[in-house]
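K.L.:
Count along the sequence shown from 1, add 453, and you get the number used in the numbering used here.
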Amino acid sequence: MLIGELKRKYGEKGLLYQVHLDLTYRCNLKCVHCYINERRTNELSTGRILRLVDEMYELKTLHFTLSGGELFLRPDLFEIIEYARSRKFAVRIKTSGTLIEEGHCAKLRELGIMQAEISIYSMDEAVHDAVTKVPGSFRKAMSAIEALGNHGVRVRVNYTVTKPNAGNFRDVIDYFKERGIEVSTGTIVFPFLDGGLKPVMLNIPDSQRGEVNRYKTGSRENPPVPAIDPVGPICGAGRSSLYIAPDGAVYPCVAWHKPVGSIAESSLKSIWEKSFVLARIKTMTMSDILPLREKSGFDTFCPGLLNA
Ligand code: SF4
């Protein structure tokens, strides 16, 4: 069964398909488009995270994404991955790659993670480092991609395209395509965690977004806009997936900052089954989104970006 189909079935059955946990908001980079504008210092303990893994197992969750901040700043990272793998979760990590060492790659391979995702912002070192605001970050990220590949870890490059780095998008796509490495292009930057819109100002115009997507897919046309069913469900946020912040606060998605509970105070199962906010989200349809889309002028159906 394809992943999309599986997710849909989970959503229909009211099951939690995937959880994205940011292990920390601490970071060694200072990316210009980063949505983390607060440095929440409270972080879940190792013990609470291992219990979260047990709770996800009980809820039949399949995918577990670990990110940050920079997750390699957590000394218990491998303990967490190891425990999640012992429970057979498909584990994905998202990192800048700047703290990855040779020994980490061997360990990640041994633990059988599904994928390591590394952020690259340009093939031009100066442009990449200007986005991260840390000199040397491009070289470290590229070394990590090479080392992970040499150890047989599946790598995906996450390329967020914004005004400062959109000029050479073809180079990034071509470089990794030629080497058989998947590139995911993100062409929408989300607001700050507190809803502030400063990062959104870095979004490229719709016309350029179309250009990037057409180049990536090798198509001359923009993909057709799918017909919208007003009574159809919204995206999977809160219906088949959840986002958890480092302090345990739970949200429907990393892009949708509507708090639905906290695993620092209760179990994931109780939030998933009893949160009133989540119950409302699970019944939302496109008819709740369409007026917001019209009002905002944004070309998106994302409830997070539309502040639903
Ligand atoms: S559409 Fe927006 S809220 Fe929904 S999953 Fe995607 S990013 Fe999250």
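By construction, the Cβ of each residue, glycine as well, lies at the ideal position given by its N, Cα and C atoms.
Since the model is a prediction, treat every value here as computed from it, not as a measurement.
#1: In or out: D475 buried (at least 16 other Cβ within 10 Å) or exposed?
#2: Is it the case that the Cβ atoms of N490 and G639 are separated by a distance below 8 Å?
#3: Which residue spans inside the region 503–533 form an unbroken beta strand (DSSP E) run of at least 3?
#4: Report the rounded CA-to-CA distance for N760 versus G500, giving the unit in angstroms.
#5: For I724, report the span of its beta strand (DSSP E) as first-last.
#6: Only counting the same chain, and skipping five residues up and downstream in sequence, which positions put a Cβ closer than 8 Å to that of Y668?
#7: How many whole angstroms separate the CB atoms of S539 and H473, which I take to be in contact at a CB cut-off of 8 Å?
#8: Considering only the alpha carbon of each residue, which of G464, G691, I566 lies closest to G705?
#9: Distance, Cα to Cα, F517 vs L731?
#10: Roughly how many angstroms separate the alpha carbons of R479 and D752, rounded to a whole number?
#11: For the region 539–626, list the alpha helix (DSSP H) runs that are entirely contained and at least 4 residues long, ordered along the chain.
#12: When the Cα of S827 is compared with those of V678, T738, E664, which residue comes out closest?
#13: Given 8 Å as the limit, is there contact between the region 527–547 and the region 500–511, that is, 3 or more CB pairs closer than that?
P.N.:
So, from the listed chains and residues:
#1: buried
#2: Their beta carbons are not under 8 Å apart, which means N490 does not touch G639 by this criterion.
#3: 516–521
#4: Rounded to whole angstroms, N760 to G500 spans 34 Å at the Cα level.
#5: Premise fails: I724 lies in the alpha helix (DSSP H), 721–727, not in any beta strand (DSSP E).
#6: Excluding residues within five positions, the ones whose Cβ falls inside 8 Å are F622, R623, I626.
#7: Not confirmed; about 20 Å, so no contact.
#8: Reading the sequence as shown, one finds Pro at residue 705 and not Gly. If we check each option's Cα against that of P705, G691 comes out closest.
#9: Roughly 20 Å separates the two Cα atoms.
#10: 32 Å
#11: Complete alpha helix (DSSP H) runs here, min 4: 555–564, 578–585, 590–603.
#12: Past the edges of the chain, shown from 454 to 761, lies residue 827, and the structure says nothing about it.
#13: Taking 8 Å as the limit for Cβ pairs, the verdict is that the region 500–511 does touch the region 527–547.
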